[in-house]
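Quick note: the sequence shown uses my numbering, first residue 13, plus one each step. Report on one structure; see the data block that follows.
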Amino acid sequence: MALHFFGIRHHGPGCARSLAQALQQLQPDAILIEGPPEADELLPLAAHADMRPPVALLVYAPAMPQHASHFPFAEFSPEWQAIQHGQAHGVPTRFIDLPMAHTLAANMSVAAEEEGEETPQPVMRSGDAMAQLAQAAGFSDFETWWDHLVEQRHDSLELFAAIEEMMSVARKSLGEPLSPREAQREAHMRQMIRAAQKQGYQRIAVVCGAWHVPALRDMPAAKHDKDLLSDLPKAKVAATWTPWSYGRLSFNSGYGAGVQAPGWYHHLWHTPQRAPTYWLTDAVRLLRRNGLDASSAHVIEALRLAESLAALRDSSRAGLGELLDALQSVLFGESDAPLRLIERELLVNDRLGAVPAETPTLPLPADVRQLQKSYRMALRADQQDLELDLRQPKHMEKSVFLHRLSLLGIDWGRTRAVSGKSGSFHEKWVLAWEPDFEVRLIEANVWGATVETACNARLVHLARSATRLADVTGLAEQMLLADARHAVPEVMARMQALAATTHEAGALLEALAPLANVLRYGSTRNTDTASVAQVMDGLVQRACIALPLAARGINEEAAQLLLRQLLQANDAISLLQKPEHRAAWLEALGQCTRGQAHPLIAGRAVRILLEQQHWQVEQVAQALSLACTNPIQPLSSAEWLEGFLQGSGLLLVMNEQLWQILQSWVASLPGETFMELLPLLRRTFATFEAAERRQLGQRVATGTVALAQPASSSGTDQARASLVLPVLAALLGPIETSEVTA
């Protein structure tokens, strides 16, 4: 009976290749792998024809799905190669790590005690020991050292003995006790090894993280491990396979595995002898796609330089560090922007795996997969654009599907504005699937077995628990987009109840915009909006009554908040274009211009009345003049101007009367007062467009606005005007010079 330990690095192509060769030579009759024992029954699916790495084992607590762990595998993961060997040769294969039933139970109990507060977990010190070894070997970091020492090798069956010796030295040099969890993990792995030995297996292959090998080979007494594992909490857990991505391999998860460059490791696995050439070719293609200059000659020169650097560094072949240095020298010079592009796109080289349809799952994730297949919406880790015309039934169904997922917390798609197209019939989405969505789907399964039922149930729950009117009106907009018809009675009833008890003007104003969107775009989605229109009518009337009172006796911070809410409500009322709404709104704004309303609100009210052509310029000039004749409180005048002018200098550029009033007020300010108000005035003028500020500066300097280039003394530059005569003649027929000067 012989034990064979294979210490590996998770997701290491060199370890994976050497392990595959070692298992082929050893022909073990049992394979034990560091991993969650709850997933043993899922191992046969790894050999399924439709299983395509990268994938991950997802272990979660059905009672609290947010407590879950992923155990990812790439094709170049040593554990994956061990699983494939076991399935191909009919060798009993099992996971031996500490069951997740204990780990998740401990996490759940801590979460309950801390009520959601983050609790620091003990950190393994193996990283410190590895960094010291890398530094002793002359490398700046562990990643580069391990890549040079292990991952680029592909022909060494003696590799694992060297790794075990190295880890033994590292653990002794560290000289610190393990954290309780790490000690329990190693104790359980030893117990599983003892159990395999009792079953009579003669050649047992143990595949685990290199750090654990010394502790598993030098076994203490069985009672020692039994005591460590006594009285552990336990929870009911479930496991399944889920698609994963190279991007997520770069994060620590599950057993603490993470690699910086899965895209590079992909080439090392598939083309070990020519990995630098293939990787550089991909780099040049990436640069070309982003409009950067790169050619085949650059590939040849960068490859030559990388190999020379490897020789200088006493390496058998060029690694990732040499390739990046070569690209920097040959292509980028002093610029590091292209290198950041490569690090972001190429080192990860993101791709998404796939799992068989037979994989066990809950009803909601199964329904999502079926809909994705029906709509032919492939899962991809990289971003892809999707443009929808909502007048087409299939496109409308896709839009509803994406909005329903978003309501359930799965933001697979994000909407963007559609350039060059107007109206409400077009949507542009950017899709990018993240592996974490699988966990969120499991969490959302509590709301229902299908996307539609879960979406309706989720909306009803949110409506019942909402305490602010704006929250419920926001739900109404989501309800429209997700076509959640069954939730309409509950949402509208809650909205009516909150509307009847809400008296705060800000809350009423905030509630208008979502409802306006529902009423404006409801016809696009064939939605009955009669009940929404009834609520909207009542809210507009109540908001118009509350606004003038709310604008009185408030400080600047409250006024800024009320101003934002006022602008949102103004856009909403303008969007609907209902005469009765407009009349009530303009009356409320008129009241804000009088009395004790905060100057910021009063100034913006005057501005809106002018824009809506409800006030004439003479009335506006009178209001501006009154605001600027307050010698006792000049700050109030500055705040009024901020509300009136913010975001539009054209009011001053195009109206001489308003400009003269403002100029006279500024000129009349004492020097100390002017300096005190200057920051506020600058804040207001900073919201103007650059061209508007330039024209106002010209008016200050000369008394006129420079709307055109300086003309000749006669009013027209004859030489410049004559240059356009041929073009005008071609468009309009013969033109006399006198007509131009006239």
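Using N, Cα and C, we set each Cβ at its ideal position, and we do this for glycine too. If you're wondering where the values come from, they're calculated on a predicted model, not measured in any experiment.
The Cβ atoms of L57 and P377 do not sit closer than 7 Å to each other. Per DSSP, the beta-bridge partners of M76 are A73. In the displayed model, G460 falls within coil according to three-state DSSP, outside both helix and strand.
For I422, the three-state secondary structure derived from DSSP is coil. No Cβ-Cβ contact shorter than 7 Å links L601 with L579. Using a Cβ distance threshold of 7 Å, S648 and P691 do not count as a contacting pair.
Judged by pairs of C-beta atoms under 8 Å, the stretch 40-47 touches the stretch 101-116, as three or more such pairs exist. Between L588 and L653 the beta-carbon gap is near 30 Å, outside 8 Å, which marks them as no contact. With a minimum length of 3 residues, there is no unbroken run of beta strand (DSSP E) contained wholly in the stretch 222-251. Shown here, A609 sits in a strand according to DSSP, grouped into three states. Bridge pairing for P84: A68 [DSSP]. Short of 7 Å from the beta carbon of L317, and not among the five residues preceding or following it, lie these beta carbons of its own chain, in chain order: A338, S341, V342. Taken through DSSP and simplified to helix, strand or coil, K440 comes out as strand. Around the beta carbon of K410, 16 or more other beta carbons lie within 10 angstroms, which makes this residue buried.
Between L520 and A555, the gap from beta carbon to beta carbon is short of 7 Å.
Inclusion of A73 and A182 in the CB contact set at 7 Å is not warranted, their separation being larger than that value. Distance from Q508 to V547 at the Cβ level is roughly 6 Å; contact confirmed, criterion being Cβ atoms closer than 8 Å. Within the same chain, L443 come within 7 Å of Q396 by CB-CB distance, once the 5 residues on both sides are set aside. In this structure, L493 sits away from H407, with a CB-CB distance that is not shorter than 7 Å. Ranked by Cα distance from A14, the first of Q39, F437, H23 is Q39. For T105, the uninterrupted beta strand (DSSP E) run begins and ends at 105-107, by DSSP. Beta-bridge partners assigned by DSSP to L15: I216. Residue pairing by DSSP places S257 opposite L364 in a beta bridge.
Measuring C-alpha to C-alpha distances from A199 to each of T373, D237, Q710, A614 identifies D237 as the nearest. With the rule of 3 Cβ pairs closer than 8 Å, the stretch 356-373 does not count as touching the stretch 224-244. Between G19 and V271, the gap from beta carbon to beta carbon reaches 7 Å or more. Excluding its 5 nearest sequence neighbours in each direction, D394 has C-beta neighbours in its own chain below 6 Å: D362, listed in chain order.
The beta-carbon separation of T427 and T252, rounded to 31 Å, does not stay under the 8 Å limit for a contact. Taking the C-beta atoms as reference points, A322 is found no nearer than 7 Å to A314. Within the DSSP bridge table, the entry for D401 names H438 as partners. In the three-state reduction of the DSSP assignment, I566 falls in the coil class, being assigned neither a helical nor a strand state. DSSP, read as helix, strand or coil, puts T465 in helix. Between the stretch 555-564 and the stretch 498-505, the count of C-beta pairs closer than 8 Å stays below three; the two stretches do not touch. If you draw a straight line from the Cα of S242 to the Cα of S191, it is about 16 Å long. Proximity to S386 across F413, R403, R480, D401 peaks at F413, based on C-alpha coordinates.
Of the candidates L364, Q96, S327, A617, the residue whose Cα lies closest to the Cα of G655 is A617.
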